[in-house]
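Note that our numbering gives residue 472 to position 488 of the sequence shown, counting from 1, and the numbers run on in steps of one. Every residue gets a Cβ at the ideal spot worked out from N, C-alpha and C, and that includes glycine.
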Amino acid sequence: MTIAKEFAAKLSVAIVAVAMVFSAFASSASAQTAEELQAMINDLLAQIAKLEASTDLSAGTGSCVSIMAPLTIGSTGADVTALQNRLIAWGEVIPAGATGYFGTQTQSALASWQGKNAVSPAVGYYGPITKAAMDAKCSDMDDSDDSDDSDDSDDDMSLSGEGTLDTVEVDDSEDPEEGESDVEVMVVTLEADDGDIEVDRMTFTASSTAGSETDPWDVFETISLWVDGDMIAEFDAEDEDEYLDEDTGEFRFNDLELILEEGEEVEVSVAVSVQNGVDDAGTAAWDLTLDEIRYFDADGVATDEDGPLGEIGDAINFTIETEGEGDDFDLSSSSEDPDAMTIAVEEDEEEAVGIFAFSLDADGSDDDIEVNELTLEVTTNIDADDFVNDFYLEIDGEEFDAESYTGGTTTTLVFDIDGDITVDADDELTAMLYAEIEVDENFNTATIQAATVSYEAEGADDIDANDTVTGEEHTVISTGIVVPQEGVSFDTSTSNDGNGNVIGTFDIEFEVTAFEGDFYIRDLASTTANATTEGVEFAVLDSQGNEVTTGVTAVLSTDGDEENGFFYVEEGETDTLTLSVTVDPSATGQFRVVLEEVWYDEDKTLGSADGRTLTPASDYRTGYVTIQG
């Protein structure tokens, strides 16, 4: 019976009851008093009003119509009736029902509703505040109804056309590890033609192709179906009794309610959760076969497709990998590793300098990697304790101090990371080693170089390995000159000397900065410059790396000050020097020039200069030039 028919029946009964009351009053000599009869009539009218209000609420009309304000004692009309119906529908009591007259019963019912809904003052007056509160309640009810309607619409989506399953494609995906959950191993692509269809069930078979364990319930925990990242069905693969055929490993997903709209491809992922401790993990292999699909068309006609449609009947094969097999982690070189540099530090002033960067590399790993320990080695030409106060490692914004160590010429540093750094699968992080350098008045110069030794980490399993990555060698000074790589530029050219010979010219322009003192550089460029002769040392190399000295001339110049055959660089100033080398070889070949060392002194006395070796050589050499001999 519909809501409207049910109400009509109840209303008819009520009217008949009223008629019987009047009939009894007219015909009975022992009739009750008029007051008692009126009370009975009022009760019946109230019941009728409740039935009317109930019907209005269920139908979505009447109870939430707009009611104008104000209304109070003595008000009459359609707005009063609507207010009375609303109050009755919301559970308030008006014995006389919806009479259209605002009396004490309506006032009492309205005050009751106001009190329950925090409308103040709760005195039974229908004004703007009460109107707003009731309108808001109606709006909430409408939104809820709309949501319910939307849900119903989704649940009751209708099919159209005379749909058939047109496309079934089966592709393999990933190899799961033991202990892994919901790993996609198969992708089934479905498409309907000539109309929509609803896929009701899908049947598969899991069969062992390699390994000693052949029962799927001893290998898998669950097998599940996924669409657009949502699980739509799950099979309890551990329960032997759930299989359709225990001998073959056949199982089924029922009641899928998967809608395929005409012409739209849907990918169904088949995922497995694998038990821990699988026998023969690493070599254990399984076939997963799509056996059958049942679907319904718009007329409710069921079709069971078990081949030869598409790739129904086709199998994919996957291997169950050993736990941790997908872990891939190593230490590798980093683009952030500093080039070889001269580190100039003032006496008794500690400075933290990044001297070595390397990558914690989980590229290609299936699992995130927790780093537990890193071991590095620092090599210096003097004891590290003579100029380094401490070392620390910075990774992803976190700092880790080295465990206790003795700083000799070879210093082993152990950093206890303790799982505080995790490298996401297929990602990498950069680690930078800092040296806290401080020198005293007795310090002259030192070299420092760092490298990785080993690591301890954990993915799905423990990963411990030796892994060597080596940084550049740096020079530490407290006084002297600095020749930075970024201040070097090159220019090369060839010309004819007029006698049929080709001459190559190599210009190397470089900056020199004086640190903690004024310094002199002799106006001399030579392939044999040293502390005695002073000046600038360079080398000409052929394509085999052999040094060439025949047919080589060189000139050194500056844009700064000159004093009696010396270039003068004041403390804190930077001058630009140019080495110009001419090469006239005896035989045709390829040649390049390398700026190797710059000798400097605090005065112009020959024989006591200090040399600044320039490394790496690749930053201070020209490219090759072909010169005809």
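Backbone secondary structure at residue i - three-state DSSP
i	result
residue 229	strand
residue 52	coil
residue 405	strand
residue 90	helix
residue 69	helix
residue 448	strand
residue 471	helix
residue 99	helix
residue 119	helix
residue 78	coil
residue 156	strand
residue 64	helix
residue 184	strand
residue 526	strand
residue 603	helix
residue 609	strand
Residue i - partner residues in DSSP beta bridges
i	result
residue 301	271
residue 664	One cannot answer for residue 664 here, as it falls past the ends of the chain, which runs -15 to 613.
residue 480	486
residue 416	341, 378
residue 163	According to DSSP, which records beta bridges pairwise, residue 163 is partnered with nothing at all.
residue 110	55
Cβ pair residue i, residue j closer than 8 Å
i	j	result
residue 269	residue 195	yes
residue 603	residue 466	no
residue 460	residue 340	no
residue 532	residue 421	no
residue 165	residue 316	no
residue 667	residue 236	With the chain represented from -15 up to 613, any question about residue 667 goes unanswered, as that position is not in the structure.
residue 578	residue 601	yes
residue 586	residue 501	yes
residue 445	residue 307	yes
residue 496	residue 561	yes
residue 323	residue 456	yes
residue 234	residue 227	yes
residue 313	residue 265	no
residue 554	residue 498	yes
residue 57	residue 67	no
residue 203	residue 253	no
residue 524	residue 612	no
residue 290	residue 189	no
residue 114	residue 98	yes
residue 261	residue 162	yes
residue 451	residue 303	no
Cβ shell of residue i (< 8 Å), same chain only, five flanking positions each side left out
i	result
residue 393	363, 364, 365, 366, 367, 368
residue 401	355, 356, 357, 358, 379, 384
residue 244	147, 149, 174, 175, 176, 180, 181, 182, 183, 250, 279
residue 399	357, 358, 359, 360, 377, 384, 385, 386, 387
residue 390	369
Residues of its chain near residue i, where Cβ-Cβ distance is below 6 Å and the 5 sequence neighbours each way are ignored
i	result
residue 610	574
residue 631	Only positions -15 to 613 of the chain appear in the structure, and residue 631 is not among them; the question remains open.
residue 206	218, 221, 257
residue 408	352
residue 489	477, 566
residue 156	300
Nonlocal neighbours in the same chain, by C-beta distance under 7 Å from residue i, ignoring five residues either side
i	result
residue 89	78, 79, 80
residue 230	224
residue -11	Its pLDDT being 34, under 50, residue -11 is placed unreliably by the model, and nothing is read from it.
residue 117	101, 103
residue 331	423, 424, 425, 462
residue 283	none
Inset, instruction - Would you mind listing the alpha helix (DSSP H) stretches within the segment 186 to 231 that are 4+ residues and don't spill past its ends, in chain order? - result: none
Inset, instruction - Can you check the segment 361 to 407 for any alpha helix (DSSP H) of at least 4 residues that lies completely inside it and give the ranges in chain order? - result: none
Legend entry - Segments of 4+ residues assigned as alpha helix (DSSP H) that fall wholly inside the segment 528 to 600: none
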